[in-house]
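**Q** Below is one structure. I have some questions about it.
There are 2 protein chains.
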Amino acid sequence: MAKSPKISASHESGGLIVHISGLLPSLSPAEQRVARLVVADPADAARRTITDLATAAETSEATVIRFCRSVGMDGYPQLRIRLAAEAARRVEPPDARVVGGDIPPGADLAQIIATIAFNDARAVEETAEQLDPAVCEQVVEAIVGAGRIDVYGAGASGFVASDFQQKLHRIGRTAFYFPDVHTALTSAALLGRGDVAIGISHTGTTSDVIEVLEQARSRGASTVALTNFPRSPITEVADHVLTTAARETTYRSGAMASRLAQLTVVDCLFVGVAARNRARARKALEATAEAVQSHRVGSGRRRG
Amino acid sequence: MAKSPKISASHESGGLIVHISGLLPSLSPAEQRVARLVVADPADAARRTITDLATAAETSEATVIRFCRSVGMDGYPQLRIRLAAEAARRVEPPDARVVGGDIPPGADLAQIIATIAFNDARAVEETAEQLDPAVCEQVVEAIVGAGRIDVYGAGASGFVASDFQQKLHRIGRTAFYFPDVHTALTSAALLGRGDVAIGISHTGTTSDVIEVLEQARSRGASTVALTNFPRSPITEVADHVLTTAARETTYRSGAMASRLAQLTVVDCLFVGVAARNRARARKALEATAEAVQSHRVGSGRRRG
DNA sequence: ACGCCTCATGAAAGTAAGTTTCATCCGTGG
DNA sequence: CCACGGATGAAACTTACTTTCATGAGGCGT
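Top line first, the protein sequences correspond to chains A and B. Everything in the first sequence is counted per UniProt numbering, starting at 1 for the first residue and increasing by one. Everything in the second sequence is counted per UniProt numbering, starting at 1 for the first residue and increasing by one.
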């Protein structure tokens with residue numbers, strides 16, 4: 001046979017629909033009916049079985065197959081998945097996600113979710129973009145070589161500090177976190193050369209954290225600041241400054257996006273440190289995971 | 001038959017892949033093999049015939065069909081076109097960013113940062129996509145009407161629980177968090193009808209948290225579970241189930257991305273609750289912000 | 001330990017979908 | 001009028017998909 005032309009199966013990848021409507025006039029009447037259905041609603045066509053589509057086009061399955069070949073497909077299933085893919089691609093991104101702004105008063109949950117997720121994701125991405133690998137490297141270096149690591153933070157940043165402490169601890173580094181300023185100051189006073197003190201403050205103006213970091217520095221420890229504002233007071237007492245890039249919404253609750261950004265930075269440092277000695281880190285992680293195993297139910301796969 | 005529960009075919013519209021990876025641990029071994037293939041390369045899977053896929057997963061066609069049903073599809077063809085659509089929608093990961101995977105041994109800091117940020121951002125976005133606004137609404141409703149709210153969580157999820165508690169507290173809701181199981185149990189025993197208990201566990205298998213939630217439920221409180229796995233044990237003791245969508249890797253068992261996903265959900269709930277009474281919430285926030293004002297330096301402009 | 005039960009699983013039977021073949025139809029040009 | 005060629009659908013055929021069922025492994029209570 002070898003008659004069906006099979007128009008350029010090669011490079012119409014960018015627009016099957018366009019391609020089809022382009023060669024619509026060159027198709028036989030019955031095939032055109034099929035083509036029109038397909039072009040009109042690709043997603044719907046993808047859902048139909050070949051018999052279904054044939055019936056809808058008032059023709060036979062054979063014609064549908066011929067149509068497939070005419071537009072360069074191997075067969076109906078291939079057309080189907082291509083159509084599905086095409087249809088999915090042309091869905092435009094969600095409407096009005098408020099960027100960096102406040103949540104509008106009348107917003108419903110779906111809007112709130114979309115807005116928050118969008119801003120959270122952006123904060124993470126933008127933070128990563130502006131993060132200086134060189135500075136990270138220095139910080140990782142310092143942590144790896146440190147005898148002891150203190151992590152300070154208050155309020156919402158306290159959670160992040162605590163999280164970082166726990167992470168470092170899990171891979172066998174001696175790390176501390178203090179929820180209380182006095183204790184933190186006491187600890188800072190005992191730091192020395194080669195130790196590391198990390199202060200986390202979104203605004204960079206939390207006096208408690210600054211004070212403690214200052215103390216640590218005066219004792220010879222390397223100091224690191226993690227803040228959203230590169231020229232805030234905390235940066236003045238830090239040897240290394242890492243910044244987040246969260247544009248907080250007006251609902252400045254507890255600094256929502258900034259927490260995530262901070263955590264992302266923490267993750268990077270953590271992995272950086274862990275990567276310095278993969279074997280040891282992995283072993284430590286496995287050991288700690290095993291330790292809590294007895295507090296888990298359904299060891300195997302879970303189900304109802 | 002009527003055995004495979006067919007988890008929420010309703011609201012996984014936003015992310016089939018995500019949905020599948022969430023269900024992964026609850027699947028049988030053979031189905032898991034299929035699932036892994038599908039998740040690893042949806043586009044490729046969409047191209048395969050059922051026999052082909054079965055062979056690749058070293059199992060029978062029957063298992064593939066079972067897998068389809070398990071993830072809420074009618075049959076294989078439907079899965080196929082959904083996969084094709086999904087694959088088309090997703091932008092492929094830029095260059096060498098390992099998606100959901102491990103950081104390669106030789107990676108430098110810049111690579112580590114890019115990879116982590118990418119995965120973190122994805123976890124946030126995908127979580128938002130699959131989050132059911134209706135369930136969120138119910139939870140918000142419950143919190144708004146609650147006399148008291150207990151938030152439980154252990155390990156990494158403990159930070160999230162604590163964060164949520166603090167947020168709720170800041171807008172004037174009576175919320176508690178307990179780092180210790182015994183105290184938590186004691187508290188749960190004192191809950192009653194109209195109160196809310198929220199349990200956070202990434203794996204959904206943390207027995208401590210489950211136990212406490214169960215206790216709370218038996219006392220008549222509304223129970224909420226926040227987990228990555230929609231069919232994990234914790235969901236059995238929860239009236240409302242909220243899921244995150246972090247594909248955590250084995251190595252990074254510090255549950256990095258999942259924390260961010262959890263926090264995003266927490267943020268959504270928080271804003272949802274706050275939106276119920278904007279005036280009051282705003283006033284409360286301002287009051288609390290003012291309270292820590294004396295602990296800030298350089299009240300004026302910070303930043304550049 | 002034993003038997004019971006449940007569940008996972010693939011073989012095979014059964015059904016539906018997709019593909020090919022082929023006879024028919026229709027219009028066209030000799 | 002007949003030969004011809006393309007379009008078309010019926011039906012045969014093939015492949016893909018789905019269901020049923022027997023088997024066997026693993027857990028659970030006795």
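All residues carry an ideal CB built from backbone N, CA and C; glycine is no exception. Only a predicted model underlies this, so the values are computations on that prediction, with no experimental measurement involved.
Taking the alpha-carbon positions, what's the B/Leu16 to B/Glu126 distance?
**A** As a working note, residue 16 of chain B is residue 16 in the second sequence. As a working note, residue 126 of chain B is residue 126 in the second sequence. Those two C-alpha atoms are separated by around 10 Å.
**Q** Apart from the five residues on each side of it in sequence, which residues of its chain come closer than 7 Å, Cβ to Cβ, to B/Val196?
**A** For the purposes of this step, residue 196 of chain B is taken as the residue at position 196 of the second sequence. Ala142, Ile143, Ala146, Ile149, Ala221, Ser222, Val224.
**Q** Helix, strand or coil for B/Ile116, going by three-state DSSP, please let me know.
**A** Counting from 1 along the second sequence, the entry for residue 116 of chain B is found at position 116. Here B/Ile116 sits in helix by DSSP.
**Q** Nearest chain B C-beta to A/Pro29 closer than 7 Å, yes or no?
**A** Counting from 1 along the first sequence, the entry for residue 29 of chain A is found at position 29. No, because no Cβ of chain B sits closer than 7 Å to the Cβ of A/Pro29.
**Q** Where in the stretch 105 to 171 of chain A do unbroken runs of the alpha helix (DSSP H), each at least 4 residues long, occur, reported from the N-terminal end onward?
**A** Segments of the alpha helix (DSSP H) lying fully in the stretch 105 to 171 of chain A: 109 to 130, 133 to 145, 156 to 170.
**Q** Which stretch, first to last residue, makes up the beta strand (DSSP E) that contains B/His202?
**A** Residue mapping note: residue 202 of chain B aligns to position 202 of the second sequence, counting from 1. Careful: B/His202 lies outside any beta strand (DSSP E) and carries neither H nor E.
**Q** Looking only at its chain, what residues have a beta carbon closer than 6 Å to the beta carbon of residue 345 of chain B, apart from the 5 residues adjacent to it on each side?
**A** With chain B covering only 1 through 304, there is no way to say anything about residue 345 of chain B.
**Q** Quick check on the DSSP output: the beta strand (DSSP E) that includes A/Ile243 runs from which residue to which?
**A** Within the first sequence, the letter at position 243 stands for residue 243 of chain A. A small fix is needed here, since residue 243 of chain A is Thr in this sequence, not Ile. Counting along the chain, the beta strand (DSSP E) containing A/Thr243 begins and ends at 240 to 243.
**Q** According to DSSP, simplified to helix, strand and coil, what is B/Glu286?
**A** Locating residue 286 of chain B in the second sequence gives position 286, counting from the first residue. If DSSP states are grouped into helix, strand and coil, B/Glu286 belongs with the helices.
**Q** From the beta carbon of B/Cys268, is the nearest beta carbon of chain A less than 7 Å away?
**A** Locating residue 268 of chain B in the second sequence gives position 268, where the first residue counts as 1. Yes - at least one Cβ of chain A is within 7 Å of the one on B/Cys268.
**Q** Around the Cβ of A/Arg33, are there at least 16 other Cβ atoms within 10 angstroms (buried) or fewer (exposed)?
**A** By one-based count along the first sequence, residue 33 of chain A stands at place 33. Buried: at least 16 other Cβ atoms inside 10 Å.
**Q** Output, in chain order, the set of chain B residues within a Cβ distance shorter than 7 Å of A/Ile116.
**A** Along the first sequence, read from residue 1 onward, the residue named residue 116 of chain A stands at position 116. Simply Thr264, Asp267, Cys268, Val271.
**Q** For a quick check, are the C-beta atoms of B/Arg173 and B/Gly192 less than 7 Å apart?
**A** The residue labelled residue 173 of chain B in the question sits at position 173 within the second sequence. The residue labelled residue 192 of chain B in the question sits at position 192 within the second sequence. The answer is no: Cβ separation not under 7 Å.
**Q** Just to confirm, are B/Phe159 and A/Asp163 a CB contact at a threshold of 7 Å?
**A** Locating residue 159 of chain B in the second sequence gives position 159, counting from the first residue. Locating residue 163 of chain A in the first sequence gives position 163, counting from the first residue. It is a contact, given that the beta carbons lie within the stated cut-off.
**Q** So B/Cys136 contacts chain A; which residues on that side make the cut at Cβ distance below 9 Å?
**A** Taking the first residue of the second sequence as position 1, residue 136 of chain B is located at position 136. Neighbours of B/Cys136 on chain A, chain order: Leu109, Ala110, Ile112, Ile113.
**Q** Residues of chain A with CB closer than 8 Å to the CB of B/Val124, please, in chain order.
**A** To locate residue 124 of chain B, count along the second sequence from 1; it is residue 124. Those within 8 Å of B/Val124 in chain A are Ala117, Asp120, Ala121, Val124, Leu260.
**Q** Quick one: what's residue 343 of chain B bridged to in DSSP?
**A** No answer is possible for residue 343 of chain B: the residues shown for chain B start at 1 and end at 304.
**Q** When you compare the CB of B/Arg89 with every CB in chain A, is at least one pair closer than 7 Å?
**A** For the purposes of this step, residue 89 of chain B is identified with residue 89 of the second sequence, where counting begins at 1. Yes, because at least one Cβ of chain A sits closer than 7 Å to the Cβ of B/Arg89.
**Q** Sort out for me which residues DSSP pairs B/Phe176 with in a bridge.
**A** In the second sequence, residue 176 of chain B corresponds to position 176, counting from 1. Partner(s): B/Asp150.
**Q** Against chain A, does B/Ala84 count as a neighbour if the rule is that its beta carbon must be under 7 Å from one of theirs?
**A** Translated into positions along the second sequence, residue 84 of chain B becomes position 84. Yes, B/Ala84 counts as interfacial toward chain A.
**Q** At which residues does the alpha helix (DSSP H) containing A/Glu86 begin and terminate?
**A** Within the first sequence, residue 86 of chain A is the residue found at index 86, counting from 1. First-last of the alpha helix (DSSP H) with A/Glu86: 76 to 89.
**Q** Just confirm the distance between the C-beta atoms of A/Ile20 and A/Val71, as a whole number of angstroms; I'd bet it's less than 8 Å.
**A** Against the first sequence, residue 20 of chain A aligns to sequence position 20. Against the first sequence, residue 71 of chain A aligns to sequence position 71. Their Cβ separation, rounded to whole angstroms, is 5 Å, which keeps A/Ile20 and A/Val71 in contact under 8 Å.
**Q** Let's see if you can read the secondary structure: which residues bound the alpha helix (DSSP H) around B/Gly15?
**A** For this step, residue 15 of chain B is matched to residue 15 along the second sequence. Counting along the chain, B/Gly15 falls outside any alpha helix (DSSP H), and DSSP gives it neither H nor E.
**Q** I'd like the span of the alpha helix (DSSP H) that includes B/Met73, first residue to last.
**A** Within the second sequence, residue 73 of chain B is the residue found at index 73, counting from 1. No alpha helix (DSSP H) contains B/Met73, which DSSP labels as neither H nor E.
**Q** From A/Thr227 to A/Ser201, what does the alpha carbon distance come to, in whole angstroms?
**A** Counting from one through the first sequence, the residue named residue 227 of chain A turns up at place 227. Counting from one through the first sequence, the residue named residue 201 of chain A turns up at place 201. Near 5 Å, if we compare the C-alpha coordinates of A/Ser201 and A/Thr227.
**Q** Between the alpha carbons of A/Asp239 and B/Glu286, how many angstroms are there, rounded?
**A** Position 239 of the first sequence, counting from 1, holds the residue named residue 239 of chain A. Position 286 of the second sequence, counting from 1, holds the residue named residue 286 of chain B. Using only the alpha carbons, I get a separation of about 33 Å.
**Q** In this structure, does DSSP put A/Asn277 in helix, strand or coil?
**A** Numbered from its first residue, the first sequence carries residue 277 of chain A at position 277. Residue state, collapsed to three classes: coil.
**Q** Among all the DSSP beta bridges, which residues are the ones paired with A/Thr227?
**A** For this step, residue 227 of chain A is matched to residue 227 along the first sequence. According to DSSP, A/Thr227 bridges with A/Thr243.
**Q** Could you tell me which of A/Thr51, A/Leu27, A/Thr244, A/Arg66 sits nearest to A/Cys136, measuring between CA atoms?
**A** In the first sequence, residue 136 of chain A corresponds to position 136, counting from 1. Nearest option by C-alpha distance: A/Thr244.
**Q** In the structure shown, what three-state DSSP assignment does B/Ala30 receive?
**A** Your numbering for residue 30 of chain B matches position 30 in the second sequence. Three-state DSSP puts B/Ala30 in a helix.
**Q** Kindly list, in the order they appear in chain B, the residues whose Cβ is closer than 9 Å to that of A/Phe67.
**A** Looking up residue 67 of chain A in the first sequence gives position 67. Going along chain B, no residue has its Cβ under 9 Å from A/Phe67, so there is no contact; the nearest lies around 18 Å.
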